[in-house]
Amino acid sequence: MNPSSFQTTIENQFDYICKRAMDDERKDYIKILSRQSKREIFFSDMGDYLVNQFSVVDSYSTDHQIFTWNGFTVGVENDLLSEELRSLPDKKREIILLYYFMDINDTEIPELLKLNRFTVYRYRISGMKTTYPMIPSSDIVAACRYAPRFPNREVCLSIKAYCHTVYFDRLTSRYSLKIE
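Terminal number for the sequence shown in the numbering used here: 182, no gaps in between.
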């Protein structure tokens, strides 16, 4: 039996609507792909600086020289830096660890150690002058474990020779000390 003209018309309309929907979906998909291709960059087209930010370096507790102060543990990766810190007198070492590794400022350190503020400043500067000329100008990486301000996470410090200013990089969640 042949379908009626009404039924043929309905089938043709349905066929047209399906083809139109498929064509619109194809156009939308092509638009999405073109938008993505405008924003995407190949790794080969990126600079080395950006690609190096994606790398992950495993850090193990055996890679660090451990310093403890008042229940807090500081791990230093660089052997030369740890030897220089160990060669300092106890007070200077404590002040340098508190200031640079545990991110405690010059007004809080005298309260913790029961010293004069100027004495803390003088010990810190003299400790830096004796420690950092012995260290080559290459980057020295140190990791600070369980700092008092961040009790539940690791705080990483990237230390360069003769540095005094601390910066926090939110992208890598790392502190870095800038050379002055």
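Where a beta carbon is used, it is the ideal one built from N, C-alpha and C, also for glycine. Remember, it's a predicted structure, so these values are computed and weren't measured experimentally.
Asked	Found
Buried or exposed, going by whether 16 or more other CB atoms sit within 10 Å of the CB of Leu35?	exposed
Beta carbon of Tyr125, beta carbon of Lys94: below 8 Å?	yes
First and last residue of the beta strand (DSSP E) that includes Thr70?	67 to 71
Determine the contact status of Thr121 and Leu90, defining contact as a CB-CB distance below 8 Å.	no
Compare the Cα-Cα distances from Thr64 to each of Val58, Tyr31, Asn80 and report the closest residue.	Asn80
Between Arg119 and Asp105, which are expected to be in contact by the criterion C-beta below 8 Å, what is the C-beta distance as a whole number of angstroms?	Not really, about 17 Å apart at Cβ, beyond 8 Å.
Grouping DSSP H, G and I as helix and E and B as strand, with all else coil, what is Val59?	coil
Taking Thr75 as part of the beta strand (DSSP E), name the residues at either end of that continuous run.	74 to 78
Would you mind sorting Leu100 into buried or exposed? The rule is 16 or more other CB atoms within 10 Å of its CB.	buried
For Leu87, which three-state DSSP category applies?	helix
For Ile58 versus Phe45, is the C-beta distance shorter than 8 Å?	The amino acid occupying residue 58 in the given sequence is Val; Ile does not appear at that position. Contact flag unset, no.
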